[in-house]
């Protein structure tokens, strides 16, 4: 990290306001400086000048970069957690049975699709046609065999 330039108290207030008000320089200027005797055009002009100040720009760029890092880190965490939840739901779906005592394969498949979407491996374009051509009598999930209730096909 590099050393950021020192700001005056008013410049610091301007930066903080600018970063928290949706990047509105005029409103940030009004929050930091006494504008009671200023016309709107003057406030806007002074805010624009202040925003172009090199020291101010360094602080804004630094703060926005830090905010982006935090957001990206939070998104990574959220994606990881969601992936784990889909994994747990997939296991539950395979253990649960429908009215005919069959495992909820469709629900488990949906969890796999969701995990793939989350990982960027699958893009849903709305044209999906899924069919089972080979019936599996059972599957092993986390070391536990789940019997689907289908008989093994003779070869």
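In my numbering, the protein residues as written are 35 to 189.
Cβ atoms here follow ideal geometry from the backbone N, Cα and C, with glycine treated the same way.
- Cα atoms of residue 57 and residue 37: separation of roughly 23 Å, rounded to the nearest angstrom.
- By the neighbour-count criterion, in which a residue is buried when 16 or more other Cβ atoms sit within 10 angstroms of its Cβ, residue 148 is buried.
- Residue 144 and residue 133 have their C-alpha atoms some 19 Å from each other.
- Shortest Cα-Cα distance from residue 76 to any of 86, 63 and 127 involves 63.
- Looking only at 74, 126, 85 and 71, the smallest Cα-Cα distance to residue 44 is reached by 85.
- For residue 86, the secondary structure class from DSSP, reduced to helix, strand or coil, is helix.
- When C-alpha distances from residue 98 are compared across 178, 112 and 54, the shortest belongs to 54.
- Contact between residue 127 and residue 106 is absent: CB atoms are separated by about 31 Å, not below the 8 Å threshold.
- Sorting 153, 103 and 137 by C-alpha distance to the C-alpha of residue 179 places 137 at the top.
- Our two residues, residue 73 and residue 49, have alpha carbons roughly 22 Å apart in a direct line.
- Residues of the same chain with a CB within less than 7 Å of the CB of residue 124, apart from the 5 flanking positions on each side, are 142, 145 and 146 in chain order.
- With respect to residue 59, residue 47 sits apart: the two C-beta atoms are not nearer than 9 Å.
- Secondary structure note for residue 150: its alpha helix (DSSP H) is the uninterrupted segment 139–152.
- Residue 152 and residue 122 do not touch by the CB rule: their CB atoms are close to 14 Å apart, not below 8 Å.
- In the DSSP secondary-structure assignment, residue 131 is bridged to 137.
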